[in-house]
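Enquirer:
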Amino acid sequence: MNISEIKKHYTKGKKIRLISMDDVQAPPLGTQGTVTGVDDIGTIMVDWDNGSKLGVVLGEDICKKIK
Numbered sequence: 240m241n242i243s244e245i246k247k248h249y250t251k252g253k254k255i256r257l258i259s260m261d262d263v264q265a266p267p268l269g270t271q272g273t274v275t276g277v278d279d280i281g282t283i284m285v286d287w288d289n290g291s292k293l294g295v296v297l298g299e300d301i302c303k304k305i306k
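Counting from 240, one number per residue, gives the positions in the sequence shown under this note's numbering.
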């Protein structure tokens, strides 16, 4: 998915669920969050429901859009 497609698919306010993230600071798997935007390199910026703000990098991390 290119950056333009990511920005169209993960728009501000969409809810997502974390499926996989290989990062020691990652929220627990299954955590839900709200997309706040997509930056210029395609990182999905997320306000996670547990208070984390760690971004999702598609291709390395996996999330699922739920709304």
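Ideal Cβ placement from N, Cα and C applies to all residues, glycine included.
Provide the residue span of the beta strand (DSSP E) that contains residue 243, from first to last.
Expert: It is not in any beta strand (DSSP E) - residue 243 instead sits in the alpha helix (DSSP H) that spans 242-248.
Enquirer: Would DSSP call residue 275 helix, strand or coil?
Expert: Correct three-state label for residue 275: strand.
Enquirer: Checking 9 Å against the spacing of the C-beta atoms, do residue 255 and residue 302 come in under that value?
Expert: Contact: yes.
Enquirer: On the three-state DSSP scale, how would you describe residue 255?
Expert: It is a strand residue.
Enquirer: Of all the options 264, 273 and 287, which has the alpha carbon lying nearest to the alpha carbon of residue 252?
Expert: Nearest of 264, 273 and 287 to residue 252, Cα basis: 273.
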